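Numbering (the numbering used here), first residue to last: 16 to 783.
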C-alpha cells in the first residue's frame with residue numbers, strides 16, 4: 016500500500032512540475048491554460064482515492080502477518096504432537112494385528128495337524144492330505160512375513176515334514192497293497208521264460224465287510240495327488256508296465272496277455288504260445304495292447320482325480336502323458352517298421368495296417384489315455400511311401416555293402432552269348448514288358464545297318480569275354496531290380512530309390528578300392544578282376560537310366576535319370592588299379608634283369624649264369640602272369656598287358672647290350688643264345704584262352720603287341736653278322752636295321768663287336 020502511494024505521489028509531483036512548466040510556456044496562450052486547468056481538476060479526486068486504498072492495504076497486510084505468527088507458534092506445535100500420537104497408535108495397531116494373524120496361523124497349523132492325525136488314524140487319506148496342505152499353506156504364510164521371525168517356525172517345519180513323510184509312508188503301504196507286482200527272479204531279465212513269470216495284481220475292489228464311501232484306490236490316488244506324490248508313483252508304475260508287460264507284448268510274438276478277474280483282485284499274467292511267427296503283425300500287437308489297457312482302465316485307470324492346477328482328470332490321462340512317447344516309439348521301431356512292405360506291390364495291402372492303427376488310437380482316446388490331437392502312430396503308418404522308400408534304400412545299401420566286402424576272386428564268365436537274371440523292362444514302342452536284352456549285348460542279333468553300305472559287327476557294343484566277380488554281377492542285378500521297383504512307386508519314392516542306386520555305385524567307387532587295397536596291390540589276378548568289374552559296371556551305366564525312361568513315372572521319363580556321368584570315373588578306377596599292378600610287374604622285371612651284370616663279359620661263366628638266370632626268372636614271371644590272367648582279362652587287354660611287360664624286358668636287354676663297349680666273339684655267341692631264349696619262349700607266355708590251339712594265333716601276333724620285338728631280332732642279327740651283312744641290313748638308312756636302330760647305336764655295336772681295321776672303318780663310313 017505504501018509502495019502504491021509513493022508511486023502515485025511521485026507521479027503527482029512529476030505531473031505538477033510538468034504542468035507548471037507548460038503553464039509558464041503557454042501563459043501567452045489563454046485557451047491552452049484553460050484546458051490544462053480543467054484536466055487537473057479532474058485528476059485530483061482520482062489521486063485522493065488511490066491514497067486511501069493504499070492505506071487500507073497496508074492495514075490488511077499487518078493483520079495477515081500477525082495471524083501467520085500465531086499459527087506458527089501455537090497451532091503447528093499442537094499438530095506435531097497429534098501426528099506423533101497417531102503414528103505411534105498406528106504402529107501399535109499393526110503390531111497387534113500381525114501378532115493376532117500369527118497367532119491365528121499358529122492356531123490353524125495346530126488344528127490342521129491334529130485333524131490330519133485324526134483323519135489318518137481313520138484311514139481318511141484324502142482329508143488327511145488336505146489338512147496337511149492347509150498346514151503347509153499356514154507355515155508358508157508365516158515364513159513369508161518379513162521382519163517377523165519365530166524360533167518356533169523351524170520346529171513347525173520339522174513337524175510338518177515328519178507328518179508328511181508319515182502320510183506318504185502310509186499311502187505307500189496302501190499303494191503296495193492295491194498294486195502288487197510279481198517280477199522275474201532276476202530283475203531286468205527280458206527272456207521269454209522270465210517274462211512268463213511276470214504278474215500284475217490289482218486289489219482295487221474293497222473287501223465286502225468294509226464300509227467306505229470312496230473306493231480305497233481312489234482315496235489313495237487322490238491323497239497322493241494332493242501331496243504331489245502321484246507323479247512319482249505313476250512314473251514307477253508306468254516303467255514297470257512298459258518293461259514287463261507292454262514292450263514284451265511288442266517284442267515277443269508268442270506272448271499273450273491273460274486277464275483274470277476274481278471277487279477282490281484282478282490278475283494280469285502272460286501265456287506263451289507254442290507256435291509263433293518271428294514277427295507279430297501290427298494288428299495282433301494292437302489287439303494285445305488294447306486288451307491290457309481295457310482291463311487296466313476298468314480296474315484302475317478310470318479313477319477320476321482332482322489334480323492341483325489342472326482340474327479334474329483321470330488316471331489314464333496322467334499315465335498316458337508319462338509313457339505314451341516311449342510306448343509309441345517302441346511300437347514304431349519294433350512293430351510298424353517291420354510291417355513296412357519290402358516290395359511296392361504289397362503297398363496296397365498296407366491299408367489294413369493303417370486302418371488298424373487308426374482304430375487303436377481311437378480306442379486309447381476313448382479311454383482318455385491319449386489326447387484328441389495325438390496321432391503319432393497314425394501319421395507314421397500313413398507315411399508308408401516315405402518309410403517304404405527309406406527301408407528299401409537301407410536294405411539295398413546294406414545288401415550292396417555286403418556284396419562289396421565279399422571276396423573278389425569268386426568269378427563268373429561273361430561272354431557275348433551269356434545272360435544274367437535281370438528284371439523285365441518295357442518295350443519303348445509298345446509299353447509292354449519284355450525281357451531285358453542280354454547284359455553284354457545292347458543291340459539285336461545280326462548286323463546293324465549304318466547307311467547304305469557300312470555295317471557294324473553284331474558284337475560292336477558288346478562287352479568282351481572276361482571274368483567278373485559274382486558279387487559285382489549281383490550288384491548290377493540289384494541296381495536293375497531297385498530301378499524297376501522305383502518305376503512302380505510314387506514320385507517321391509521313385510526319386511529316393513533312383514538316388515539309392517546312384518549311391519550304390521558311388522559307394523562301390525569309394526569302398527572297394529579301400530577295403531580290398533592290400534589284395535589289389537599284391538595279387539595280379541584280383542587287380543585284373545577288379546579292372547573287369549569296373550568296366551562291366553561302366554558298360555551297364557551307359558544305358559542303365561535310358562532303359563527306364565519310358566516308364567510312366569515322370570521322374571524317370573524326363574531324361575534326368577541317367578548314370579552316364581559315372582562312366583568315366585569307373586573306367587578310370589579300373590584302369591588305374593590295373594596300371595598300378597602293371598607298374599609293380601615292370602618293376603619286378605627290371606629288378607630281375609638288374610642281376611644280369613649288364614650282360615657284360617659273357618665269356619666269364621659266372622656272369623653268363625647270372626644273365627641266364629635273370630632271363631629265366633623274367634620268363635617265369637611272365638608265364639605266371641599269363642596263367643593268372645588267362646581267361647580273366649579280355650583277349651585284347653591280355654595281349655596288350657603281356658606285350659607291354661615282354662616289351663619292357665626286351666627293351667631293357669637291348670639297352671644293356673647296346674651300351675657295351677667291347678663284345679668278344681664268345682660274348683656275342685652267348686648273348687645270342689640268351690636272346691634266342693627270349694625269342695623262342697617269349698611268345699609262349701601269350702595264352703589268353705584256355706584252349707591251347709586257339710592261343711597260337713596270338714603267339715604269332717607277338718610283333719603287334721611287343722613294340723621292341725623287331726628291334727630285338729635285329730640285335731640278334733647284328734650279334735651273328737659280319738660287317739658286310741650289317742652294312743647290307745642298313746642299306747644306306749633304308750633297310751630293316753635302320754628302322755630299329757639309329758646310326759650312332761649301330762656304329763657303337765660295330766665298334767664293340769669288331770676290331771679297329773680298315774674294313775671296320777669302311778663299314779662305319781657307310782653307316783650314316
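We put the beta carbon where it would ideally sit given N, CA and C, even for glycine. Computed from a predicted model, the values in this text were never measured in an experiment.
For residue 149, the three-state secondary structure derived from DSSP is helix. The DSSP-derived three-state label of residue 302 is helix. Contact annotation: residue 512 and residue 497 have beta-carbon atoms nearer than 8 Å. Around the beta-carbon of residue 108, fewer than 16 other beta-carbon atoms lie within 10 Å, marking it exposed.
Where residue 231 is concerned, the enclosing alpha helix (DSSP H) starts and stops at 231 to 242.
Restricted to the region 740 to 780, not a single beta strand (DSSP E) segment is unbroken, complete and at least 3 residues in length. Counting only residues of its own chain and dropping the five nearest sequence neighbours on each side, residue 725 has a CB closer than 8 Å to the CB of 718, 751, 754 and 755. Here the region 614 to 628 does not lie against the region 591 to 603, with fewer than 3 beta-carbon pairs under 8 Å apart.
Minimum Cα-Cα distance from residue 154 among the listed residues 706, 721 and 122 corresponds to 122. For residue 216, the beta-bridge partners assigned by DSSP are 195 and 282. Within the model, the alpha-carbon separation for residue 212 versus residue 275 is close to 15 Å.
Counting only unbroken stretches of 3 or more residues, no beta strand (DSSP E) element lies wholly within the region 637 to 696. Considering only 269, 296 and 218, the residue with the shortest C-alpha distance to residue 311 is 218.
Here the region 133 to 143 makes contact with the region 235 to 255; the two share three or more CB pairs at distances below 8 Å.
Put simply, the backbone Cα of residue 544 is about 10 Å away from that of residue 649. The residues 428, 429, 430, 431, 649 and 650, in chain order, have a CB closer than 8 Å to that of residue 480 in the same chain once the five nearest residues on each side in sequence are set aside. Under DSSP, the beta-bridge partners assigned to residue 287 are 270. Residue 375 and residue 237 have their C-alpha atoms spaced approximately 29 Å apart.
Residue state for residue 429 is assigned as strand, using DSSP reduced to three classes.
In this structure, DSSP gives residue 126 a helical state, which the three-state scheme calls helix. Between the region 686 to 700 and the region 653 to 664 there are three or more inter-stretch CB-CB distances shorter than 8 Å, so the stretches are counted as touching. Taken through DSSP and simplified to helix, strand or coil, residue 327 comes out as strand. As a beta-bridge residue in DSSP terms, residue 481 pairs with 429. Only residues of its own chain outside the window of five on either side were considered, and among them 334, 337 and 338 have a CB closer than 8 Å to the CB of residue 253, listed in chain order. The alpha-carbon of residue 270 is positioned some 18 Å away from that of residue 348. The residues 380, in chain order, have a CB closer than 7 Å to that of residue 387 in the same chain once the five nearest residues on each side in sequence are set aside. Taking a C-beta distance under 8 Å as the contact criterion, residue 588 and residue 549 qualify as a contact pair. The count of Cβ pairs closer than 8 Å, one atom from the region 125 to 133 and one from the region 173 to 189, reaches three, so the stretches are in contact.
By the beta-carbon neighbour count (other beta carbons within 10 angstroms, threshold 16), residue 642 is exposed. Within the same chain, 269 and 271 come within 7 Å of residue 288 by CB-CB distance, once the 5 residues on both sides are set aside. For residue 175, the three-state secondary structure derived from DSSP is helix. The residues 400, in chain order, have a CB closer than 8 Å to that of residue 505 in the same chain once the five nearest residues on each side in sequence are set aside. With 16 or more other Cβ atoms inside 10 Å of its own Cβ, residue 713 counts as buried. A direct Cα-Cα distance of roughly 27 Å separates residue 49 from residue 66.
At a Cβ-Cβ threshold of 8 Å, residue 297 and residue 372 count as neighbours.
Scanning 667, 331 and 534 for the CA closest to the CA of residue 614 turns up 667.
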